[in-house]
Every structure is written in C-alpha cells, then in structure tokens.
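Under the working numbering, the residues of the sequence shown are numbered 443 to 569, in order. The beta-carbon is built from N, C-alpha and C at its ideal position, and this holds for glycine as well. Because the structure is a prediction, the values reported are computed rather than measured.
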Amino acid sequence: SLSPENQAAVQAIRQTYNISVEDEVDALRHTDPHQLWRTIADRIGLTDYLQSGGEVELQRIFQEIDTDGSGSISLPELQEYIQKVDPDIAIAQVTSMLACADRDNDNQVSYEEFQAFFKLLTEQSRS
C-alpha cells in the first residue's frame, strides 16, 4: 500500500494528465503477458470455449496462428496474429507473450505448450 505522500503524488498525476481509473486498468491489461493472453482470448471469444473444454476451438486458433503449418508458433506468426486482433499491443509485448507460453525456451510455442498455457490461464481465471 502507498504512503499518504505517494497517494497524493499519484492523485496529482492523475489530475494533471487527466488519467481515469479505466485508463489505468487498460494500461495494466496491456503490460502483463498473462493478462495480454487473457485479453486476446476474450477478444476472439476463446475464453468461453476454454471454460467449456473447447479443445477443437483451441486447435483451430492454434492452426490459424501457425500460418506456415510447422506445428509451432513463431514470433513473426504470433505478431501477425496479435496485430490483427489488437493492433495496440506492441511488438515487445508480443515477445513477452511468446516467452510466457514457451516452456522449453526454443522461441516457438508448440501445440502442447499452447494447450498447457491456456489450461493454466483458464484455471487461474476460475480461482
């Protein structure tokens, strides 16, 4: 929690720059890689499918992102897809998103990693 002095400073910044609570929430939504994945899942309607065990839909989305059909999502493929879904997400953020789902650190996301990551996200959003 912030000290009274820091709270006053934050309030002054909000007033000076006319920043609303919604603006702050939106900024946070566009910085944390896990939250970025949730935002994308919400935008494309994937969240509802995941909560009902939508394996087919998850596979369809994976194939849509994996444009070269290699069985893995590369950074350029993810960037291209994210730009279509949410052009406000910066390339550096997409890099963080890929790293977040890439368990074996090969700079690509296999279907197994994609599936495991979305399973984890779904479990986190339920708790």
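Query, Result
"For S552, the nearest candidate out of Q477, D510, D484 (CA to CA)", "D510"
"Beta-bridge pairing of Q550 - partner residues as DSSP gives them", "S516"
"Whether Q550 touches L500 by CB criterion (8 angstroms)", "no"
"Delimiting residues of the alpha helix (DSSP H) encompassing R456", "446 to 459"
"Cβ shell of D544 (< 7 angstroms), same chain only, five flanking positions each side left out", "Q550, V551, E555"
"Coarse secondary structure for A532, derived from DSSP in three states", "coil"
"L520 versus K561 - alpha carbon distance", "19 angstroms"
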